[in-house]
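2 protein chains.
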Amino acid sequence: MAYTKKEKFAREEVWLSDIAKALSHPARIKILKILTDMDSCMVGSLVDQMPLAQATVSQHLKELKRVGLISGEIDGPKVCYCVNIRTLAKAKFALDKLFIKIGCC
Amino acid sequence: MAYTKKEKFAREEVWLSDIAKALSHPARIKILKILTDMDSCMVGSLVDQMPLAQATVSQHLKELKRVGLISGEIDGPKVCYCVNIRTLAKAKFALDKLFIKIGCC
DNA sequence: AATGTATATCGTAAATATACGATAAATATA
DNA sequence: TATATTTATCGTATATTTACGATATACATT
Numbered sequence: 001m002a003y004t005k006k007e008k009f010a011r012e013e014v015w016l017s018d019i020a021k022a023l024s025h026p027a028r029i030k031i032l033k034i035l036t037d038m039d040s041c042m043v044g045s046l047v048d049q050m051p052l053a054q055a056t057v058s059q060h061l062k063e064l065k066r067v068g069l070i071s072g073e074i075d076g077p078k079v080c081y082c083v084n085i086r087t088l089a090k091a092k093f094a095l096d097k098l099f100i101k102i103g104c105c
Numbered sequence: 001m002a003y004t005k006k007e008k009f010a011r012e013e014v015w016l017s018d019i020a021k022a023l024s025h026p027a028r029i030k031i032l033k034i035l036t037d038m039d040s041c042m043v044g045s046l047v048d049q050m051p052l053a054q055a056t057v058s059q060h061l062k063e064l065k066r067v068g069l070i071s072g073e074i075d076g077p078k079v080c081y082c083v084n085i086r087t088l089a090k091a092k093f094a095l096d097k098l099f100i101k102i103g104c105c
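Structure (structure tokens):
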């Protein structure tokens with residue numbers, strides 16, 4: 001038991017739920033905000049602004065990367081992350097569609 | 001370890017991440033859609049349209065209820081659920097704010 | 001009162017998420 | 001080449017999620 005049944009649902013529902021999952025931890029929401037606020041977006045300064053250990057921040061970055069909400073560019077020994085506007089726009093569109101469908105606004 | 005650190009984040013980030021968590025499974029997105037499509041919204045007919053056991057659907061309903069996205073009204077031995085537009089609007093507002101902040105649309 | 005119907009809750013197994021220290025890998029600098 | 005810096009990954013502990021069958025609860029009907 002407890003094998004997932006996500007394949008039993010519509011493709012778009014699965015995709016949107018996956019985006020929602022990526023946003024389902026305050027650390028990841030904060031990371032997106034910080035990446036926007038800073039001009040530079042190296043992991044080091046990101047970690048400085050987060051109440052979490054470096055390994056944990058790295059893990060959260062991985063989750064955001066997984067769904068394509070951010071992408072990282074290697075810059076010497078450092079990595080510079082930024083928000084992926086394309087995915088963001090797709091997510092916004094899908095969310096708007098859902099909210100309209102279920103009677104909001 | 002693995003104790004949560006969610007309290008270390010801003011209140012609104014925690015709230016929004018919690019809404020996102022509620023939307024982070026396709027079953028729950030589908031439930032919201034079904035509740036909107038049907039005029040009636042009894043758990044029984046909901047379960048009929050879901051590829052999950054009754055106990056599992058009930059669990060998903062509980063999660064949606066937890067964050068206030070739906071509320072249930074007891075009607076005899078049955079329970080009628082409907083989407084809570086208030087919470088939905090609040091969520092939409094918070095999401096829009098986030099998306100605008102992080103550079104979308 | 002007994003039985004049926006509808007839903008929630010309990011118990012539980014497996015999977016996934018969260019957090020961290022330690023370490024690896026990759027580059028830069030002395 | 002040795003050392004420092006930066007980030008990802010590994011290993012691991014604990015918590016949470018997902019799924020279900022079984023059972024409890026609450027109301028209706030016979």
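Which chain is which? The protein sequence lines are A and B, in order. Position one of the first sequence corresponds to residue 1 (my numbering), numbered consecutively onward. Position one of the second sequence corresponds to residue 1 (my numbering), numbered consecutively onward. Cβ atoms here follow ideal geometry from the backbone N, Cα and C, with glycine treated the same way.
Outcome for residue i when other beta-carbon atoms lying within 10 angstroms are tallied against a minimum of 16
i               : result
A20 of chain A  : buried
C104 of chain A : buried
R28 of chain A  : buried
S45 of chain B  : exposed
L26 of chain B  : Checking the sequence shown, residue 26 of chain B turns out to be Pro, not Leu. Buried: at least 16 other Cβ atoms inside 10 Å.
M130 of chain A : Nothing about residue 130 of chain A can be read from this structure; chain A reaches only from 1 to 105.
A55 of chain B  : exposed
K30 of chain A  : buried
A22 of chain A  : buried
K97 of chain B  : exposed
A53 of chain B  : exposed
Residue i: contacting residues in chain B (beta-carbon distance under 8 angstroms)
i               : result
A107 of chain A : Lying before the first or after the last residue shown, residue 107 of chain A is absent from chain A, which here runs from 1 to 105.
DSSP bridge partner residues for residue i (one or two, in chain order)
i              : result
D75 of chain A : A:K78
I70 of chain A : A:V83
M42 of chain A : A:C80
Within chain A, the residues that residue i reaches when beta carbons sit closer than 7 angstroms
i              : result
C80 of chain B : Near C80 of chain B there are no residues of chain A at all, since even the closest Cβ is about 16 angstroms away, more than 7 angstroms.
S17 of chain B : L23, S24, H25, P26 and I29
K92 of chain B : F99, C104 and C105
L95 of chain B : L95
Below-8 angstroms beta-carbon distance, residue i vs any chain B residue
i               : result
H25 of chain A  : yes
G72 of chain A  : no
C104 of chain A : yes
K5 of chain A   : yes
Rounded Cβ spacing between residue i and residue j (contact assumed at less than 8 angstroms)
i              : j               : result
E12 of chain A : A89 of chain A  : Their Cβ separation, rounded to whole angstroms, is 15 angstroms, which puts E12 of chain A and A89 of chain A out of contact at 8 angstroms.
T87 of chain A : K101 of chain B : With a Cβ gap of about 16 angstroms, T87 of chain A and K101 of chain B do not count as contacting.
N84 of chain A : I74 of chain A  : That pair is no contact at about 16 angstroms.
Y42 of chain B : C80 of chain B  : First, the amino acid is wrong: residue 42 of chain B is Met here, not Tyr. The Cβ separation is near 6 angstroms, so the contact holds.
T17 of chain A : S24 of chain B  : It is worth fixing the name first, because residue 17 of chain A is Ser in this sequence and not Thr. Yes, they are in contact, since the Cβ atoms of S17 of chain A and S24 of chain B sit about 5 angstroms apart, within 8 angstroms.
P51 of chain A : K8 of chain B   : 4 angstroms
Partners in chain B for residue i, counting only beta-carbon separations shorter than 9 angstroms
i              : result
K8 of chain A  : P26, A27, M50, P51 and L52
V83 of chain A : I102, G103 and C104
Minimum Cβ-Cβ distance from residue i to chain A less than 8 angstroms
i              : result
E13 of chain B : yes
K62 of chain B : no
Q59 of chain B : no
M38 of chain B : no
Listed by chain order, chain A residues near residue i by CB distance under 9 angstroms
i              : result
K33 of chain B : E13, L98, K101 and I102
L88 of chain B : F99, I102, G103, C104 and C105
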